[in-house]
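S.K.: Take the sequence shown: its position 421, counted from the start at 1, is 421 in full-length UniProt numbering, and no numbers get skipped.
The structure's right below; bear with me while I get my questions together.
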Amino acid sequence: MLYATDVQSYLIKLERLFELFDFFGFKLSVTKSSLYEPQVKWCDKIISGKGVSHDPERIKALARLSYPSNAGELQQFLCAANWMRESVIDFARVAKPLQEKLDESLATATRRTKRVASGIGLELGSSGRSAFDELKTKLQNAATLAFPDPDAVMCLITDASDAGYGLIVTQVREWQPKKSVAEQQHELLVCVSGTFTGSKRNWSVIEKEVYPIICACDQLSHLLLRPQGFRLFCDHRNLIYVFAPGKEVKKHIRGKLLRWAVKLMEYRYHIEHIEGASNVWADMISRWAGNHKDSVALRAMVLRKRGRREEERTQCSASKRLRGDEDRTPRTRRKRRRGEADRTPLTRREHNAPSDEPATATRVTIRPFDDPSFTWPTLEEIISAQERYVHTVASEFLVKGQSGKDWYHNKRLWIPSQCNDLRQRLMVIAHGGAQGHRGRAAMMEQLQRQFHVDHLRSKVDKFLSSCLLCMHVKGGKIVQRPWSETFRCHERNGALHWDFLTVGESFGDDKYLLVLKDHATHYCELVPCATPTSAVAVAAILDWHGRFGIPPIGISDQGTHLKNEVLSEVCKRLKSEQRFTVAYSPWINGSIERVNRDIIQVLRVMCLEYKKDIHDWTMFVPLLRASINHTPLPSLGNKAPVALFCALPLPSPLDFCVDLEQKEILELPEQPELIAQMLSSLRDSVYAMHRAADAERDRQTQRNKKGQRGARKANFSVGDYVLRSRVDQKHQDKL
Numbered sequence: 001m002l003y004a005t006d007v008q009s010y011l012i013k014l015e016r017l018f019e020l021f022d023f024f025g026f027k028l029s030v031t032k033s034s035l036y037e038p039q040v041k042w043c044d045k046i047i048s049g050k051g052v053s054h055d056p057e058r059i060k061a062l063a064r065l066s067y068p069s070n071a072g073e074l075q076q077f078l079c080a081a082n083w084m085r086e087s088v089i090d091f092a093r094v095a096k097p098l099q100e101k102l103d104e105s106l107a108t109a110t111r112r113t114k115r116v117a118s119g120i121g122l123e124l125g126s127s128g129r130s131a132f133d134e135l136k137t138k139l140q141n142a143a144t145l146a147f148p149d150p151d152a153v154m155c156l157i158t159d160a161s162d163a164g165y166g167l168i169v170t171q172v173r174e175w176q177p178k179k180s181v182a183e184q185q186h187e188l189l190v191c192v193s194g195t196f197t198g199s200k201r202n203w204s205v206i207e208k209e210v211y212p213i214i215c216a217c218d219q220l221s222h223l224l225l226r227p228q229g230f231r232l233f234c235d236h237r238n239l240i241y242v243f244a245p246g247k248e249v250k251k252h253i254r255g256k257l258l259r260w261a262v263k264l265m266e267y268r269y270h271i272e273h274i275e276g277a278s279n280v281w282a283d284m285i286s287r288w289a290g291n292h293k294d295s296v297a298l299r300a301m302v303l304r305k306r307g308r309r310e311e312e313r314t315q316c317s318a319s320k321r322l323r324g325d326e327d328r329t330p331r332t333r334r335k336r337r338r339g340e341a342d343r344t345p346l347t348r349r350e351h352n353a354p355s356d357e358p359a360t361a362t363r364v365t366i367r368p369f370d371d372p373s374f375t376w377p378t379l380e381e382i383i384s385a386q387e388r389y390v391h392t393v394a395s396e397f398l399v400k401g402q403s404g405k406d407w408y409h410n411k412r413l414w415i416p417s418q419c420n421d422l423r424q425r426l427m428v429i430a431h432g433g434a435q436g437h438r439g440r441a442a443m444m445e446q447l448q449r450q451f452h453v454d455h456l457r458s459k460v461d462k463f464l465s466s467c468l469l470c471m472h473v474k475g476g477k478i479v480q481r482p483w484s485e486t487f488r489c490h491e492r493n494g495a496l497h498w499d500f501l502t503v504g505e506s507f508g509d510d511k512y513l514l515v516l517k518d519h520a521t522h523y524c525e526l527v528p529c530a531t532p533t534s535a536v537a538v539a540a541i542l543d544w545h546g547r548f549g550i551p552p553i554g555i556s557d558q559g560t561h562l563k564n565e566v567l568s569e570v571c572k573r574l575k576s577e578q579r580f581t582v583a584y585s586p587w588i589n590g591s592i593e594r595v596n597r598d599i600i601q602v603l604r605v606m607c608l609e610y611k612k613d614i615h616d617w618t619m620f621v622p623l624l625r626a627s628i629n630h631t632p633l634p635s636l637g638n639k640a641p642v643a644l645f646c647a648l649p650l651p652s653p654l655d656f657c658v659d660l661e662q663k664e665i666l667e668l669p670e671q672p673e674l675i676a677q678m679l680s681s682l683r684d685s686v687y688a689m690h691r692a693a694d695a696e697r698d699r700q701t702q703r704n705k706k707g708q709r710g711a712r713k714a715n716f717s718v719g720d721y722v723l724r725s726r727v728d729q730k731h732q733d734k735l
């Protein structure tokens with residue numbers, strides 16, 4: 001095949017071709033040869049100066065095919081379509097149901113030849129017919145492939161999902177640096193797609209994202225192996241670090257990634273990250289919405305030993321079911337539930353009332369907010385639920401609201417116990433998302449402020465025990481050891497703790513988090529930084545001083561970034577005393593270490609909740625600060641730090657479904673003496689909250705002391721030689 005852009009070049013090349021034929025003694029058939037053709041047909045492909053496309057007549061013939069009636073017809077159709085897969089976008093996903101149907105039909109056949117397959121009948125179901133029609137539509141819309149230009153910029157765009165992968169190789173003849181990759185004039189060269197089968201389905205996310213790159217280097221080296229290299233675009237920023245995997249990656253996966261990285265050493269490439277929304281070409285190939293679910297359903301299974309009688313009873317019941325006695329209702333012994341005798345008429349009648357909601361199987365999802373079936377509850381929905389079950393409750397226990405439609409109990413909106421789905425959604429909102437999965441006390445306080453739910457604590461415990469994200473980010477129960485009394489302060493802004501928390505690498509320069517915490521109210525400020533230096537600490541302390549005033553006491557560890565002349569001089573000029581804790585004893589400065597544990601936990605769960613990489617932790621710092629400062633704490637008398645420190649009302653994620661008419665609106669008077677009187681009452685209320693928080697903290701201390709009466713103290717004293725361990729190196733990021 002001889003090609004030229006103009007006639008003069010064509011004649012020169014044609015003369016050279018005839019000289020070679022004459023030299024080697026080759027002869028051409030006149031009937032099988034043609035000259036001066038604008039386009040030629042070769043192997044059912046139309047080759048012209050614009051590119052390579054498929055024969056329209058062949059495509060029309062495939063489009064007119066009816067549904068196959070045997071495995072031979074389906075096999076012939078798939079083979080014909082596979083010849084065009086380099087020009088068909090999303091081929092692997094569309095053809096997968098048909099290929100699975102063909103493999104299922106030929107599973108018992110001795111051979112996979114056309115003759116054997118033609119004798120095996122099959123009938124496509126609704127999904128198979130839909131895939132057959134969609135594949136024919138894809139064949140009709142097959143793209144024209146351009147010829148590679150050695151001077152053009154070569155682009156490799158890859159993407160992967162849980163089910164498959166896809167890649168596209170394009171070229172840009174005139175690359176414009178000021179425009180993004182999506183705005184460039186791309187010419188399609190080839191597109192490749194595939195599905196993960198067998199052991200590949202169990203690969204990790206990083207393996208599935210790297211695999212299409214290695215697949216392109218193995219199959220498309222004739223396009224990518226070029227002096228000026230190529231540009232690699234992907235929507236997974238972990239690939240930027242794939243060639244230097246950290247220790248958080250498993251050993252066998254790290255070895256595979258390094259072996260794959262060796263294959264790329266012979267190529268020249270420039271890797272760039274593009275957002276998933278801009279990755280339009282690869283998303284069309286492998287981001288198959290609706291074909292697989294991102295949520296995971298788990299079923300708890302308890303293994304225990306069974307006695308001989310129990311095994312015989314199980315075998316007997318199984319034999320009865322085999323004889324057709326499935327509909328027999330077993331007799332069960334009624335057990336008295338815990339707390340049933342203490343129920344009020346409100347709770348007892350409400351509990352015995354039947355539920356109108358359909359019984360569904362328990363399905364636990366990792367991210368309930370991403371579930372398409374999740375709907376936010378509204379006040380109208382709550383009122384509708386109350387109307388269905390208000391007859392099950394004694395009238396003296398409920399009071400109508402100002403609107404005359406909603407029912408309240410102790411000035412809180414009543415949630416019927418039979419509305420399991422409604423209660424579950426309220427718990428999801430009070431626990432997940434921006435709330436940061438903070439725990440039972442915080443969740444109960446959010447719900448109790450606005451709703452009345454019967455036996456709320458037991459329901460919250462059951463909900464928390466099934467939260468998959470909490471299981472992942474929270475460790476086991478911590479056994480406290482008896483320590484001596486630590487520093488105490490009961491005055492707002494009376495003592496400030498600060499400490500640098502090593503969070504881990506991010507996509508930016510930030511690696512550390514400077515944590516500042518008020519001792520009495522637990523109010524926190526978070527400052528991301530790249531390095532833990534005294535300059536960062538001084539700037540944060542001066543910022544705290546500019547907004548809240550300087551605390552008389554500052555407490556920190558003895559790190560060089562906190563114990564130095566610069567910070568000491570700043571504290572001296574601000575008239576603030578600087579205290580230090582003992583080195584390698586973080587439990588002594590337990591106030592700041594406690595919030596550090598919450599920070600790590602909330603950051604981990606937010607990265608999982610919003611499906612972000614752990615290196616994106618900096619984007620969650622504002623949400624993290626709000627979660628810590630707006631969460632009521634039992635040690636503060638169920639008050640939030642922002643209420644005690646700033647005297648601000650505590651916002652709730654459940655305010656959207658509360659009747660606004662129930663809230664009282666206060667108007668400020670115009671007289672100065674009345675304004676001063678209201679400010680004085682505001683201060684008194686703040687002091688009252690502080691006194692309640694201090695009293696609750698003292699009661700907690702007394703409870704801890706009572707719980708430590710039977711604890712075994714260390715059997716050594718000052719001056720004894722002891723053996724202790726110290727871990728200075730962290731083998732992986734805390735997230």
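Backbone N, C-alpha and C fix where the C-beta goes; we use that ideal spot for every residue, glycine too.
Bear in mind that the values here come from a model prediction, so they are computed numbers and not experimental data.
Rounded to whole angstroms, what's the CA-CA distance from Ala-643 to Asp-698? Just pull it up for me.
M.R.: Translated into the one-based positions of the sequence shown, residue 643 becomes position 643. Translated into the one-based positions of the sequence shown, residue 698 becomes position 698. Near 20 Å, if we compare the C-alpha coordinates of Asp-698 and Ala-643.
S.K.: Quick one, which of Asn-589, Lys-517, Leu-501 and Arg-573 has its alpha-carbon nearest His-561's?
M.R.: For the purposes of this step, residue 561 is identified with residue 561 of the sequence shown, where counting begins at 1. Among Asn-589, Lys-517, Leu-501 and Arg-573, the Cα nearest to that of His-561 belongs to Leu-501.
S.K.: Looking at the structure shown, is Ile-157 part of a helix, part of a strand, or coil, going by DSSP?
M.R.: By 1-based counting over the sequence shown, the position of residue 157 is 157. Correct three-state label for Ile-157: strand.
S.K.: How do the region 151 to 170 and the region 103 to 117 stand: do at least 3 beta-carbon pairs fall below 8 Å, yes or no?
M.R.: Output reads no: the region 103 to 117 does not touch the region 151 to 170.
S.K.: So the beta strand (DSSP E) Leu-232 belongs to, where does it begin and stop?
M.R.: Sequence index remark: in the sequence shown, residue 232 carries index 232 (1-based). Residues 230 to 234.
S.K.: In angstroms with no decimal places, state the Cα-to-Cα distance between Glu-445 and Pro-632.
M.R.: For the purposes of this step, residue 445 is taken as residue 445 along the sequence shown, with counting starting at 1. For the purposes of this step, residue 632 is taken as residue 632 along the sequence shown, with counting starting at 1. Each residue's alpha carbon lies about 7 Å from the other.
S.K.: Report, in whole angstroms, the separation of the C-beta atoms of Cys-419 and Ala-385, which I expect to be a contact under 8 Å.
M.R.: Counted from its first residue, the sequence shown places residue 419 at position 419. Counted from its first residue, the sequence shown places residue 385 at position 385. Rounded, the Cβ-Cβ distance is 5 Å, consistent with contact.
S.K.: Does the beta carbon of Arg-488 sit closer than 7 Å to a beta carbon anywhere in chain C?
M.R.: Judged by its chain identifiers, the structure shown contains no chain C, having just a single protein chain.
S.K.: Ignoring anything shorter than 3 residues or poking outside the region 125 to 191, list the beta strand (DSSP E) runs there in chain order.
M.R.: As far as the region 125 to 191 is concerned, its whole beta strand (DSSP E) runs of at least 3 residues are 153 to 160 and 164 to 172.
S.K.: Where do the ends of the beta strand (DSSP E) carrying Ala-394 lie?
M.R.: Start at 1 with the first residue of the sequence shown, and residue 394 comes out as number 394. Neither: Ala-394 is in no beta strand (DSSP E) and is coded neither H nor E.
S.K.: Using 8 Å as the Cβ pair cut-off and three pairs as the minimum, do the region 496 to 511 and the region 546 to 560 touch?
M.R.: Verdict: yes, contact present.
S.K.: Based on the DSSP output, what are the partners of Leu-513 in its beta bridges?
M.R.: Within the sequence shown, numbered from 1, the residue matching residue 513 stands at position 513. Partner(s): Leu-501 and Pro-528.
S.K.: Could you tell me the distance, in whole angstroms, from the CA atom of Lys-251 to the CA atom of Ile-600?
M.R.: Counting from one through the sequence shown, the residue named residue 251 turns up at place 251. Counting from one through the sequence shown, the residue named residue 600 turns up at place 600. Going by the C-alpha atoms only, they are around 25 Å apart.
S.K.: Which whole-angstrom value describes the C-beta separation of Asn-596 and Val-515, a residue pair presumed to lie in contact below a C-beta threshold of 8 Å?
M.R.: Here residue 596 refers to the residue found at position 596 of the sequence shown. Here residue 515 refers to the residue found at position 515 of the sequence shown. That pair is a contact at about 6 Å.
S.K.: Phe-451 and Met-427: beta carbons closer than 7 Å?
M.R.: The residue given as residue 451 occupies position 451 in the sequence shown. The residue given as residue 427 occupies position 427 in the sequence shown. Their beta carbons are not under 7 Å apart, which means Phe-451 does not touch Met-427 by this criterion.
S.K.: What are the start and end residues of the beta strand (DSSP E) that includes Ser-637?
M.R.: In the sequence shown, the residue the question calls residue 637 occupies position 637. Checking the sequence shown, residue 637 turns out to be Gly, not Ser. Unbroken run through Gly-637: none, as it is neither H nor E.
S.K.: Between Ala-540 and Leu-567, which are expected to be in contact by the criterion C-beta below 8 Å, what is the C-beta distance as a whole number of angstroms?
M.R.: Within the sequence shown, residue 540 is the residue found at index 540, counting from 1. Within the sequence shown, residue 567 is the residue found at index 567, counting from 1. That pair is no contact at about 11 Å.
S.K.: Smallest Cα separation from Leu-223: which of His-186, Pro-148, Lys-263 and Cys-191?
M.R.: Position 223 of the sequence shown holds residue 223. The shortest C-alpha separation from Leu-223 is found at Pro-148.
S.K.: Given a threshold of 16 other Cβ atoms within 10 Å of its Cβ, counted over all protein chains shown, does Phe-21 qualify as buried or as exposed?
M.R.: Position 21 of the sequence shown holds residue 21. Burial call: exposed.
S.K.: Would you give the residue range spanned by the alpha helix (DSSP H) that Tyr-10 belongs to?
M.R.: In the sequence shown, counting from the first residue as 1, residue 10 sits at position 10. Start and end: 7 to 24.
S.K.: If you count every other CB in all the chains shown that lies within 10 Å of the CB of Asp-44, and 16 or more means buried, which is it?
M.R.: Indexing the sequence shown from 1 puts residue 44 at position 44. With fewer than 16 Cβ atoms within 10 Å of its Cβ, Asp-44 is classed as exposed.
S.K.: Alpha carbons only, please: which of Val-453, Thr-195 and Pro-416 is nearest the one belonging to Glu-100?
M.R.: Translated into the one-based positions of the sequence shown, residue 100 becomes position 100. The shortest C-alpha separation from Glu-100 is found at Thr-195.
S.K.: Nearest-angstrom Cα distance between Met-1 and His-54?
M.R.: Translated into positions along the sequence shown, residue 1 becomes position 1. Translated into positions along the sequence shown, residue 54 becomes position 54. If you take the alpha carbons of Met-1 and His-54, they lie about 17 Å apart.
S.K.: For Arg-594 and Glu-86, what's the separation of their Cα atoms in angstroms?
M.R.: The residue you call residue 594 lines up with position 594 of the sequence shown. The residue you call residue 86 lines up with position 86 of the sequence shown. C-alpha separation (whole angstroms): 57 Å.
S.K.: Comparing C-alpha positions only, which one of Lys-263, Glu-266, Leu-264 and Cys-234 sits nearest to Ile-274?
M.R.: The count along the sequence shown starts at 1 and reaches residue 274 at position 274. Nearest C-alpha to Ile-274: Cys-234.
S.K.: Could you pull the start and end residues of the alpha helix (DSSP H) that Lys-411 belongs to?
M.R.: Walking along the sequence shown from the start, residue 411 turns up at place 411. Counting along the chain, Lys-411 falls outside any alpha helix (DSSP H), and DSSP gives it neither H nor E.
S.K.: Let me check one thing: in DSSP terms, what residues is Lys-400 bridge-paired to?
M.R.: Your numbering for residue 400 matches position 400 in the sequence shown. Paired residue(s): Trp-407.
S.K.: Identify every residue that forms a DSSP beta bridge with Asp-518.
M.R.: Taking the first residue of the sequence shown as 1, we reach residue 518 at position 518. Leu-496.
S.K.: How do the region 139 to 146 and the region 50 to 68 stand: do at least 3 beta-carbon pairs fall below 8 Å, yes or no?
M.R.: These segments touch.
S.K.: What span of residues does the beta strand (DSSP E) with Glu-272 cover, start to end?
M.R.: In the sequence shown, counting from the first residue as 1, residue 272 sits at position 272. Start and end: 269 to 273.
S.K.: Roughly how many whole angstroms lie between the Cα atoms of Glu-15 and Gln-39?
M.R.: Taking the first residue of the sequence shown as 1, we reach residue 15 at position 15. Taking the first residue of the sequence shown as 1, we reach residue 39 at position 39. Approximately 20 Å, taken between the alpha carbons.
S.K.: From this set, Pro-551, Leu-603, Cys-215 and Phe-507, which residue's C-alpha is nearest Gln-578's C-alpha?
M.R.: In the sequence shown, residue 578 corresponds to position 578, counting from 1. Out of Pro-551, Leu-603, Cys-215 and Phe-507, Pro-551 has the C-alpha closest to the C-alpha of Gln-578.
S.K.: Using the beta-carbon count (16 or more within 10 Å), is Met-265 buried or exposed?
M.R.: Residue mapping note: residue 265 aligns to position 265 of the sequence shown, counting from 1. Met-265 is exposed by the Cβ-count criterion.
S.K.: Under DSSP, the alpha helix (DSSP H) around Glu-207 begins and ends at which residues?
M.R.: Within the sequence shown, the letter at position 207 stands for residue 207. First-last of the alpha helix (DSSP H) with Glu-207: 205 to 219.
S.K.: Where do the ends of the beta strand (DSSP E) carrying Ile-46 lie?
M.R.: Working through the sequence shown from its first residue, we reach residue 46 at position 46. Where Ile-46 is concerned, the enclosing beta strand (DSSP E) stretches over 45 to 48.
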